[in-house]
């Protein structure tokens, strides 16, 4: 057995032991399951629903579904991979739509919108660096919403979370070949958009985040007082906004723009609400 396979077996054994204790009602084990899953599931939800407040609600629902079905986990996949499957199923069937989904906004239409109201010079006002970062992060979230949900989640699993096609296909309950085809479609659409539009992906493209700040603020897409992404809490030891940007610049390709978000942490208030619900006796966690 290879070292990697051996390490994988050890992790799986630890997860089986942890889940066994959680299913038996060990509150510390349940809390540990939530701790392990909450931030990755939040980052998945955030990519799919765009805004943090909607991602918080979705993460809470997904975690409750994960915990409610924990007794059915048979270690057929890693615990997080299994949780992703539950999360993806929930997010693909979510009735609430993002503004881009409701408007059926295409990447071509989004590109036209970016070209409208483009400033001649870079933004030099208060918090210029922060607001430029916020525009970039908000824009990369928004462009994902221009993909159909099945293509969006394929891209997120493959190119953002770097899962292999076998894992991603299992999460989506499709064949690896079908998954790869879906991913390729998403990558082609986003790659064409970014190389023709985004100056971060292609220096010859027209759009620059620093020249979109005024328009984004005027449209209400960026709130200078409460930036959604640039000051979002990150996971302990996770990448900061600056580190994510530096990584993107080093990679300097279209996919890097979509990958280069910080390692966001799930908002603690929602996680505390879940803990309170589990301890209330009103939620039959693992019957």
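Residue numbers (the numbering used here): -9 to 277.
Cβ coordinates follow ideal geometry from the N, Cα and C atoms, glycine included.
Could you check the C-alpha separation between residue 7 and residue 162 for me, to the nearest Å?
Cα-Cα distance, rounded: 26 Å.
Taking the CB atoms as reference points, tell me whether residue 121 and residue 203 lie closer together than 8 Å.
Yes, they are a contact pair.
So what does residue 76 bridge to, in DSSP terms?
Beta-bridge pairing links residue 76 to no other residue.
Backbone secondary structure at residue 136 - three-state DSSP:
Here residue 136 sits in coil by DSSP.
Nearest to residue 209 (by Cα), restricted to the options 128, 222, 224, 172
Measuring from the Cα of residue 209, the nearest candidate turns out to be 128.
By alpha-carbon positions, which one of 199, 174, 224, 49 ends up nearest to residue 79?
For the set 199, 174, 224, 49, the Cα lying nearest the Cα of residue 79 is the one of 49.
Return the chain-ordered list of same chain residues with a C-beta closer than 8 Å to the C-beta of residue 111, the five sequence neighbours on each side being excluded.
Taken in chain order, the residues that qualify are 201.
Let's test the definition: count the other Cβ atoms within 10 Å of the Cβ of residue 242 and tell me whether it reaches 16, buried, or not, exposed.
In this prediction, residue 242 has a pLDDT of 48, which is less than 50 and means its spatial position is unreliable; what the coordinates show is noted afterwards. It counts as exposed.
Per-residue DSSP class, three states only, for residue 100:
In the three-state reduction of the DSSP assignment, residue 100 falls in the helix class, which pools H, G and I.
Buried or exposed by the 16-neighbour rule on C-beta atoms within 10 Å, applied to residue 14:
Around the Cβ of residue 14, a 10 Å sphere holds fewer than 16 other Cβ atoms; the residue is exposed.
Can you have a look at residue 258 and say buried or exposed, based on whether 16 or more other CB atoms are within 10 angstroms of its CB?
Residue 258 should be labelled exposed.
If I measure Cβ to Cβ from residue 131 and keep anything under 6 Å in the same chain, skipping five residues before and after, which residues do I get?
Correct list, in chain order: 40.
Residue from 158, 86, 125 with nearest C-alpha to residue 73:
For residue 73, the nearest C-alpha among the options comes from 158.
Helix, strand or coil: which one does DSSP assign to residue 113?
In the three-state scheme derived from DSSP, where H, G and I count as helix and E and B as strand, residue 113 is classed as coil.
If you count every other CB in all the chains shown that lies within 10 Å of the CB of residue 1, and 16 or more means buried, which is it?
Label assigned to residue 1: exposed.
Output yes or no for whether 8 Å exceeds the beta carbon distance between residue 60 and residue 150.
Their beta carbons are not under 8 Å apart, which means residue 60 does not touch residue 150 by this criterion.
For residue 187, is the classification buried or exposed, using 16 other Cβ atoms within 10 angstroms of its Cβ as the cut-off for buried?
Here residue 187 is buried: its Cβ has 16 or more other Cβ atoms, across all protein chains shown, within 10 Å.
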